[in-house]
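Participant:
Residue numbers (this note's numbering): 1 to 337.
1) Residue 147 and residue 174: beta carbons closer than 8 Å?
2) Assuming residue 54 and residue 289 are in contact, meaning their beta carbons sit under 8 Å apart, how far apart are those beta carbons, in whole angstroms?
3) Note down the Cα distance separating residue 202 from residue 160, rounded to an integer number of angstroms.
4) For residue 131 and residue 166, I'd like the C-alpha separation in whole angstroms.
5) So, under 8 Å CB-CB, residue 115 and residue 81 are touching, yes? Tell me the CB distance rounded to an integer number of Å.
6) Between which residues of its own chain and residue 222 is the CB-CB distance below 7 Å, once the five residues before and five after are set aside?
7) Could you have a look at residue 285 and say whether DSSP puts it in helix, strand or coil?
8) In the structure shown, what three-state DSSP assignment does residue 291 receive?
9) Take the Cβ of residue 32 as the centre, count every other Cβ of all protein chains shown within 10 Å, and call the residue buried at 16 or more, exposed below.
10) One question on the structure: do residue 109 and residue 70 come within less than 8 Å of each other, judged by their Cβ atoms?
11) In three-state terms, what does DSSP make of residue 244?
12) Output the residue ranges of the alpha helix (DSSP H) runs that lie fully inside the segment 136-183 and measure 4 residues or longer, sorted by chain position.
13) To the nearest angstrom, how far is it from the Cα of residue 206 to the Cα of residue 192?
14) Mind checking residue 306: buried by the 16 CB within 10 Å criterion, or exposed?
15) I'd like to know whether the C-beta atoms of residue 162 and residue 145 end up nearer to each other than 8 Å.
16) Using the Cβ count rule (16 or more neighbours within 10 Å means buried), how would you classify residue 86?
17) Give the single residue among 210, 84, 229 whose Cα lies nearest to the Cα of residue 143.
18) Measuring only the C-alpha atoms, how far is residue 224 from residue 244?
19) Tell me, please, which residues DSSP counts as bridged to residue 115.
20) Hey, could you find the ends of the beta strand (DSSP E) residue 216 is sitting in?
21) Output the boundary residues of the alpha helix (DSSP H) element that contains residue 203.
22) Taking only the alpha-carbon atoms, compute the straight-line gap between residue 277 and residue 235 and give it to the nearest angstrom.
23) What separation, rounded to the nearest whole angstrom, lies between the Cα atoms of residue 199 and residue 238?
24) Please report the distance separating the alpha-carbon of residue 106 from that of residue 100.
25) Assuming residue 233 contacts residue 280 under a Cβ cut-off of 8 Å, what Cβ separation, rounded to an integer in Å, is found between them?
26) Are the CB atoms of residue 226 and residue 187 within a distance shorter than 8 Å?
27) Taking the continuous beta strand (DSSP E) assigned at residue 259, which residues delimit it?
28) For residue 226, which beta-bridge partners are listed by DSSP?
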């Protein structure tokens, strides 16, 4: 009788909050209620991978995984945010063979693979289920989705309906394999279409409508600042219930050929207000896996050929400095000791 009474009160609270529960079991309803009300930590806060700091492997494609893992362990990283996508460290068509080898190489180096970066945007793609099944079987609990774009021949509302449908199917597949998919907000325009999620409200609208703990945001503070120099904080307050992982990098606006563009720079040397951002992480009790993105100067993934020994040395020094800066922000916000 008491259980039924609690269920009635819970569902009444959900209805008052505008959260749908019609197709949920009681346990699912409780989970959704907790996420949206903040009564207990979100799912990402309960994982032992919380605040493990990984390095995004894209700018290190000139390393094989064993050597990369060894080098990153020496620098002090906890793990690798591994590319499992076309032209990545692990190709989708070889995921069953190569991802277990990558995980094993990381373990031998004393670090882990807590998150992977994919091109997954559709549950029906032939590689999607293979990647999710393999990653989940290896204990990987988070993956970054591929980007989605607005079709400018359709209205915003029409686009959101289509995107919501596709992401809903992914949420179901994620739940099947117990792995969380996260969408990165990205600034700018991808010709001829614009990024879905760059303005934040659209991503939040879709995630809130789908309302699944298996689908969330990989929050990018740099891209959020590029799109909203002063409004990013408001947008973060809107999106924060869905932030399950994050990546960090910094930037400056640079004028070249009479055109202003964001250019990445070392952490702490740009326009991102990391102090405010980390205060907000503390305020909303967000603890999640972190990926450091190194996208300036040397060792770029799109460079031709192998970097020189000097370029490699500068890359390692830059990564080490970024990691130290990031840990300082964590300490200043009393998020780590």
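Note that CB positions come from ideal geometry on N, CA and C, so glycine has one too.
Here the structure is a predicted model, which means the values were calculated and not measured.
Facilitator: According to the structure shown:
1) no
2) 7 Å
3) 8 Å
4) 17 Å
5) 5 Å
6) 249, 250, 251, 272
7) coil
8) strand
9) Model confidence at residue 32 stands at a pLDDT of 48, short of 50, so the residue's coordinates are unreliable and nothing is read from them.
10) yes
11) strand
12) 156-177
13) 22 Å
14) exposed
15) no
16) exposed
17) 84
18) 16 Å
19) 81, 142
20) 215-220
21) 201-210
22) 12 Å
23) 11 Å
24) 10 Å
25) 7 Å
26) yes
27) 259-265
28) None, per the DSSP bridge assignment.
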